[in-house]
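**Q**
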Amino acid sequence: MNHGFDTLAIHAGQDPEARTGAVIPPIYQTSTYAQDAVGAPRQGYEYSRSGNPTRDALQECLAALEGGAVGLAFASGLAAEDTLLRTVCGPGDHVVIPDDAYGGTYRLFARVAQRWGLSFTPAKVSDPDAVRAAIRPGTTKVVWLETPTNPLLGIADIATLAAVAHDAGALLVVDNTFASPYLQQPIALGADVVVHSTTKYIGGHSDVVGGALVAADAALGEELRYHQNAMGAVNGPFDAWLTLRGIKTLGVRMDRHCDNAERIAAYLEGHAKVSEVLYPGLPTHAGHEVAAKQMRRFGGMISFRAAGGEEHAVDICNRAKLFVLAESLGGVESLIEHPGRMTHASAAGSPLEVPGDLVRLSVGIETVEDLLADLEQALS
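My numbering puts the first residue of the sequence shown at 11, with every later residue one more than the last.
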């Protein structure tokens with residue numbers, strides 16, 4: 011039977027525990043397992059880096075939500091990214107990345123993977139011709155997308171770029187963190203691997219750090235699983251349990267995030283002290299039509315440019331009260347930050363440097379009138 015998203019979020023990988031009937035998956039807080047005989051681990055469990063029932067429940071749920079064959083959970087989103095790159099790439103290979111990728115992703119490519127011999131080219135992922143031009147035939151192993159991008163909220167056409175990547179013999183990887191699987195399912199549009207920082211919308215409560223990979227193909231998923239164990243950057247059982255708890259309310263939370271963001275984006279668009287609003291839900295956004303085609307709704311992330319320049323942007327961030335000045339995103343509470351000096355500082359001086367007048371909002375699920383009032387006083 012094909013179940014709906016919210017049913018999968020609550021039940022996939024989470025059958026009542028066999029021994030006691032516990033409705034919630036137990037936290038298997040153990041490092042090792044008694045084996046029935048030499049070489050005969052019970053139900054395949056021997057050591058919790060290699061496998062843990064709590065993590066397995068999360069991994070099964072993630073695969074179901076993204077419509078993939080294999081889901082894998084990691085200690086952080088960047089641990090997931092690193093494991094993916096070292097599984098599918100080697101020294102001398104090449105990757106195309108967004109020209110406004112998350113600062114941590116850029117740092118991983120520029121400061122870590124590049125030293126290992128992996129080259130990369132930033133490209134405007136909202137322009138399929140720019141991505142096609144950035145591909146190096148025979149060398150490009152991955153076309154890496156974020157959609158929406160972080161922090162400029164660019165939109166990439168996943169289906170079109172899947173064809174571009176596959177024509178070049180490359181994998182299409184989509185970082186789906188900003189959208190969440192509730193709003194967008196890249197595998198159904200042709201992606202080979204989906205990446206998440208589960209810290210964000212999937213966990214949803216700013217209380218746990220984690221990452222995930224979901225592979226469309228079972229064979230690639232097993233390769234990734236091998237490297238997950240070999241490299242060891244797994245999340246612990248309590249972290250997996252917290253993430254599963256967050257997943258159960260993902261759908262209802264995302265609807266409120268979207269409701270609030272739509273109101274706030276419309277307010278900012280009409281504000282004299284805002285020069286530009288970047289939100290794919292606005293008809294004026296360059297990627298609006300593509301986003302409407304591939305997303306259920308437009309998400310809870312908004313960026314805007316302060317009319318008074320960089321110092322005005324910093325002042326807005328400092329003046330906010332209900333919007334908490336903090337990095338990260340996707341929690342129930344609203345956050346505000348200055349990307350140029352915070353989350354994307356590692357991209358300063360690079361082709362991925364973000365505008366100094368940019369402010370990024372992670373719109374939470376509070377009463378929207380309170381959020382609007384806080385922005386009004388901060389802008390004023």
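The C-beta atom is built at its ideal place from N, Cα and C for all residues, glycine as well.
1) Taking just the CA atoms, how far does residue 134 sit from residue 141?
2) Among the residues of its own chain, which have a CB less than 7 Å from the CB of residue 147, if the five just before and after it don't count?
3) I'd like to know if the region 24 to 43 and the region 180 to 192 are in contact, where contact means that at least 3 CB-CB pairs between them fall below 8 Å.
4) When DSSP labels each residue in this structure, what does residue 222 get in the three-state scheme?
5) Throw me the rounded Cβ distance for the residue 391 and residue 321 pair, which I believe falls under 8 Å.
6) The beta strand (DSSP E) that contains residue 316, what's its start and end?
7) So, do the region 240 to 248 and the region 283 to 296 have three or more beta carbon pairs nearer to each other than 8 Å?
8) Give every residue of the same chain whose Cβ lies closer than 8 Å to the Cβ of residue 312, excluding the five residues on either side of it in the sequence, and list them in chain order.
9) Quick one: give me the first and last residue of the alpha helix (DSSP H) that residue 260 is part of.
10) For residue 65, collect the residues of the same chain with a Cβ closer than 7 Å to its Cβ; drop the 5 residues on either side in sequence, then sort them by chain order.
11) Which residue wins for smallest C-alpha separation from residue 170, given the options 300, 116, 324 and 111?
12) Residues in the same chain with beta-carbon distance under 7 Å from residue 362, minus the five sequence neighbours each way, listed in chain order, please.
13) Assuming contact is defined by CB atoms lying nearer than 9 Å, are residue 450 and residue 168 in contact in what I supplied?
14) With H, G and I counted as helix, E and B as strand and the rest as coil, what does DSSP make of residue 331?
15) Which residue marks the beginning of the alpha helix (DSSP H) containing residue 117, and which one marks its end?
16) Under the three-state reduction of DSSP, which class applies to residue 294: helix, strand or coil?
17) Could you have a look at residue 74 and say whether DSSP puts it in helix, strand or coil?
18) Answer yes or no: do residue 253 and residue 218 have a C-beta to C-beta separation smaller than 9 Å?
19) Quick one: grab the DSSP three-state call for residue 64.
20) What whole-angstrom Cβ distance do residue 368 and residue 161 have, given they're in contact under 8 Å?
21) Buried or exposed: which applies to residue 105, given that a residue is buried once 16 or more other Cβ atoms fall within 10 Å of its Cβ?
22) Taking all protein chains shown into account, do 16 or more other C-beta atoms lie within 10 angstroms of the C-beta of residue 206, making it buried, or fewer, making it exposed?
23) Taking the C-alpha atoms as reference points, what is the distance between residue 143 and residue 282?
24) Per DSSP, what kind of secondary structure is residue 343 in: helix, strand or coil?
25) In angstroms with no decimal places, state the Cα-to-Cα distance between residue 364 and residue 51.
26) Take residue 126 and list the residues in its own chain whose beta-carbon comes closer than 7 Å to its own, dropping the five residues that flank it on each side.
27) So, for residue 212: in the same chain, excluding its five sequence neighbours on each side, which residues have a beta-carbon less than 7 Å away from its beta-carbon?
28) Using a threshold of 9 Å, state whether the C-beta atoms of residue 159 and residue 130 are closer than that.
**A** Reading off the structure:
1) Going by the C-alpha atoms only, they are around 7 Å apart.
2) The answer, listed in chain order, is 178.
3) At 8 Å Cβ cutoff, the stretches do not touch.
4) Three-state DSSP puts residue 222 in a strand.
5) No answer is possible for residue 391: it lies beyond the span of the chain, which begins at 11 and ends at 390.
6) Where residue 316 is concerned, the enclosing beta strand (DSSP E) stretches over 311 to 316.
7) Taking 8 Å as the limit for Cβ pairs, the verdict is that the region 283 to 296 does not touch the region 240 to 248.
8) Here the set comprises 163, 271, 274, 275, 278, 287, 288, 289, 370, 371 and 373.
9) Per DSSP, residue 260 belongs to the alpha helix (DSSP H) from 260 to 279.
10) Answer for residue 65: 83, 244, 245, 247 and 250, listed in chain order.
11) Of the listed residues, the one whose Cα sits closest to residue 170 is 300.
12) Closer than 7 Å at Cβ, skipping near neighbours: 109, 110, 111, 116 and 132.
13) The structure shown does not extend to residue 450, since the chain is modelled only from 11 through 390, so no value can be given for it.
14) In the structure shown, residue 331 adopts coil according to DSSP, grouped into three states.
15) Per DSSP, residue 117 belongs to the alpha helix (DSSP H) from 113 to 117.
16) Residue 294 falls in the coil class under three-state DSSP.
17) Note: residue 74 maps to helix in three-state DSSP.
18) The answer is yes: Cβ separation under 9 Å.
19) Here residue 64 sits in helix by DSSP.
20) Between residue 368 and residue 161 a beta carbon distance of about 6 Å is seen, short of the 8 Å cut, so the two are scored as contacting.
21) Label assigned to residue 105: buried.
22) If you draw a 10 Å sphere on the C-beta of residue 206, you find 16 or more other C-beta atoms in it, and that means buried.
23) In this model, residue 143 and residue 282 are separated by some 39 Å (Cα to Cα).
24) Coil.
25) Taking the Cα positions, residue 364 is about 51 Å away from residue 51.
26) Hits under 7 Å: 101.
27) Scanning its chain for C-beta atoms nearer than 7 Å, with the 5 sequence neighbours on each side dropped, one finds around residue 212 the residues 190, 206, 253, 256, 257 and 260, in chain order.
28) Taking the C-beta atoms as reference points, residue 130 is found no nearer than 9 Å to residue 159.
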